[in-house]
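Data block below; observations after.
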Amino acid sequence: MDEGKVTAIRNWPAPTTVKELQRFLGFANFYRRFIRNYSSIANPLTSLLRNKPKSLAWSPATEETFNTLKKAFTTAPLLVHPDPDKPFIVEVDASMTGVGAVLSQQQGNPGRLHPCSFFSRKLNLAERNYDIGNWELLAVKLVLKEWRHWLEGAKHPFLVLTNHKNLEYLRADKRLNPRQARWALFFTRFDFTISYQPGSKNTKADALSRMFAPEENSQRHLNRSSQRK
Numbered sequence: 353m354d355e356g357k358v359t360a361i362r363n364w365p366a367p368t369t370v371k372e373l374q375r376f377l378g379f380a381n382f383y384r385r386f387i388r389n390y391s392s393i394a395n396p397l398t399s400l401l402r403n404k405p406k407s408l409a410w411s412p413a414t415e416e417t418f419n420t421l422k423k424a425f426t427t428a429p430l431l432v433h434p435d436p437d438k439p440f441i442v443e444v445d446a447s448m449t450g451v452g453a454v455l456s457q458q459q460g461n462p463g464r465l466h467p468c469s470f471f472s473r474k475l476n477l478a479e480r481n482y483d484i485g486n487w488e489l490l491a492v493k494l495v496l497k498e499w500r501h502w503l504e505g506a507k508h509p510f511l512v513l514t515n516h517k518n519l520e521y522l523r524a525d526k527r528l529n530p531r532q533a534r535w536a537l538f539f540t541r542f543d544f545t546i547s548y549q550p551g552s553k554n555t556k557a558d559a560l561s562r563m564f565a566p567e568e569n570s571q572r573h574l575n576r577s578s579q580r581k
């Protein structure tokens, strides 16, 4: 197994807020059909959200469940090896602090969407100053660069799913700033189409992009500090 394909999942920190747990379970829900006895396995986590709690009562049992699900995301039969004879689908999202993406293919009969690789990266200080449109463009640029060994020269055109339509503007507008012009030139190396996917349906990439949310990282630090006392 190429460790680079699963680093984003293995580095996923344990949730310390209700929002973080909801985001993780939303990600997991897309893949539950591939995880045998998913409902039973996930029960210690889903039980935490009953009665709309304001905080999480994390325990060794919930930690074990969290790690079990992460392992399931990164092993067969859920994770598959890329097949160059089949088209790829790239789901990508950017938040104000990070970028997340999933590279997938339809496999099996009937064809179901399986992940081939996951990607997550924290934005640096300069990148955080971009506007939202440029965040999304940066996200596409970063994932194409990350997976270029599969996507550049791919046998079939691939599909990029994003919740922002700015890429079409980038391809058509001739008044680009130098950074956008470099990105536009880089994009010409790939044969792909972009399709709008509402944020409500883009939860996998969204979850991966929001691992670095400052308010959540701050809460995580406080919780861990209190646990050590």
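Residue numbers for the sequence shown follow this note's numbering, beginning at 353 and rising by one. Cβ coordinates follow ideal geometry from the N, Cα and C atoms, glycine included.
{"Query": "The region 452-470 contacting the region 387-396, beta-carbon criterion three pairs below 8 Å", "Result": "no"}
{"Query": "Gly463 - DSSP class collapsed to helix/strand/coil", "Result": "coil"}
{"Query": "Local conformation of Phe425 per DSSP, three classes", "Result": "helix"}
{"Query": "One or two residues paired with Leu511 in a DSSP bridge", "Result": "Ile441, Thr545"}
{"Query": "Simplified DSSP state of Lys357, which is helix, strand or coil", "Result": "helix"}
{"Query": "Nearest-angstrom Cα separation, counted from Tyr548 out to Lys507", "Result": "23 Å"}
{"Query": "Of the listed residues Ala533, Trp410, Arg464, Ser391, nearest to Thr369 (C-alpha basis)", "Result": "Trp410"}
{"Query": "Classification of Leu475 by the beta-carbon crowding that lies within 10 angstroms, buried from 16 upward", "Result": "buried"}
{"Query": "Cβ neighbours of Leu377 in the same chain (closer than 8 Å, five flanking residues each side left out)", "Result": "Ala394, Leu397, Thr398, Leu401"}
{"Query": "Alpha-carbon to alpha-carbon, Ile441 and Pro530", "Result": "28 Å"}
{"Query": "8 Å contact criterion, which Val358 and Phe470 should meet: CB distance rounded", "Result": "6 Å"}
{"Query": "Ser561 in three-state terms, based on DSSP", "Result": "helix"}
{"Query": "Buried versus exposed call for Ile361 [16 or more other C-beta atoms within 10 Å across all chains shown]", "Result": "buried"}
{"Query": "Element boundaries [alpha helix (DSSP H), containing Asn395]", "Result": "390-398"}
{"Query": "Beta carbon of Val492 nearer than 9 Å to that of Ser472", "Result": "no"}
{"Query": "Under the three-state DSSP convention, the category Phe470 falls into", "Result": "strand"}
{"Query": "From Thr426, Arg562, Asn481, Lys406, residue whose alpha carbon lies closest to that of Leu455", "Result": "Thr426"}
{"Query": "Buried versus exposed, by CB contacts within 10 Å (16 or more), Pro412", "Result": "exposed"}
{"Query": "C-alpha gap between Ser391 and Gln532, whole angstroms", "Result": "45 Å"}
{"Query": "Short Cβ contact (9 Å threshold) for Glu498 with Leu490", "Result": "no"}
{"Query": "Short CB-CB distance (under 9 Å) between Pro550 and chain B", "Result": "Looking for chain B here will not work: only one protein chain is present."}
{"Query": "Euclidean distance between Cα positions of Ala366 and Arg527", "Result": "44 Å"}
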